[in-house]
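Structure, as structure tokens:
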Amino acid sequence: MIPGTRLVKADCPETPSPTLQRRYRSIVGSIGYLIQMTRCDMAFAYGQLSLFLRNPGPVHMAAAERALAYVRGTHDQGLSYCDPGAENRNVLKGWVDSDFAADSDTRRSVTGYVMALNGAPISWQSCRQGGVTLSSNEAEYVGASSVAQENAYLRALLSGFDHSLLAPHACRKTMLHVFLWVSILSITVAAVTSM
């Protein structure tokens, strides 16, 4: 996919072409296999391409072929785990981001996160959020909630392997903004309900 572009339903043809649909599904399925195993960098492209499996058009096929060209050009890249040193060993790190209402067809936000341990990702996802958010802060809050759930799951899973995990790294400024936003939201809701 070309950076900064989105696939839309308006590019779908009136009637699907069986040969185009078969090839498109094959490409997207292959990319999906890579996503599950080692290619977290393709998660967003896969999410966008998989929305149009039922009725892909030529624009969607061009985006799928561009994703294949990217895989061909980066076939020698992969995940590499290492010992990051005593102070970073077994520290579960996570990154999350959301875009506000970027899906022009549904106006839903997309959240993506990556969780890493010992130098490489161990869990990642890019998907549309469950509902329509009303602000960029709310979209970020929903995204932070999804990565917090994944963090809790991974910590429980790794504790079953007798891994002693160090405290997760958190950006204090980001967490302060989240707590302030939640506080303002709860004050606003209390004020509205008391009217």
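So the sequence shown is numbered by the working numbering: it starts at 471 and just counts up by one.
Idealized CB from N, CA, C, for every residue including glycine.
This one's a predicted model, so the numbers in the text were calculated from it and none came from an experiment.
Exercise. Roughly how many angstroms lie between the CA atoms of phenylalanine 631 and proline 473, to the nearest whole one?
Worked result: 40 angstroms
Exercise. By the 10 Å Cβ neighbour count, where 16 or more other Cβ atoms means buried, how is alanine 594 classified, buried or exposed?
Worked result: Residue identity check: residue 594 is tryptophan in the sequence provided, not alanine. So tryptophan 594 ends up on the buried side.
Exercise. Taking DSSP as the reference, what is the three-state secondary structure of alanine 571?
Worked result: coil
Exercise. Start and end of the alpha helix (DSSP H) containing arginine 577?
Worked result: Careful: arginine 577 lies outside any alpha helix (DSSP H) and carries neither H nor E.
Exercise. For cysteine 597, which residues does DSSP report across the bridge?
Worked result: DSSP lists Thr581 as partners of cysteine 597.
Exercise. Rounded to a whole number of angstroms, what is the C-alpha to C-alpha distance between valine 617 and tyrosine 611?
Worked result: 10 angstroms
For this session: Go ahead and label alanine 673 buried or exposed: buried means 16 or more other beta carbons lie within 10 angstroms of its beta carbon, across all protein chains shown.
Result: Outside the displayed range of the chain (471 to 665) lies residue 673, so it cannot be described from this structure.
Exercise. Is the beta carbon of asparagine 525 less than 7 angstroms from the beta carbon of cysteine 552?
Worked result: No, these two residues do not count as a Cβ contact at 7 angstroms.
Problem set entry | glycine 555, DSSP secondary structure in three states | coil
For this session: Please determine if the region 514-531 and the region 555-566 are in contact, where contact requires at least 3 C-beta pairs separated by less than 8 angstroms.
Result: no
Exercise. Assuming alanine 533 and leucine 490 make a contact with CB atoms under 8 angstroms, what is their CB distance in whole Å?
Worked result: Contact flag wrong, Cβ pair sits at about 13 angstroms.
Exercise. Is glycine 564 helix, strand or coil when you go by DSSP?
Worked result: Here glycine 564 sits in strand by DSSP.
Problem set entry | Distance between tyrosine 583 and threonine 475 (C-alpha atoms, nearest Å) | 20 angstroms
For this session: Please confirm whether glutamine 599 and serine 579 have their CB atoms less than 7 angstroms apart.
Result: yes
Problem set entry | valine 566 beta carbon less than 7 angstroms from that of alanine 609 | no
Problem set entry | histidine 545 versus Ala480, Pro488, Thr508, Gln619, residue with shortest Cα-Cα distance | Thr508
Problem set entry | Beta-carbon proximity check, arginine 577 vs alanine 571, cutoff 7 angstroms | For arginine 577 and alanine 571, yes; Cβs fall inside 7 angstroms.
Problem set entry | Exposure label - glutamate 484; buried when at least 16 CB within 10 Å | exposed
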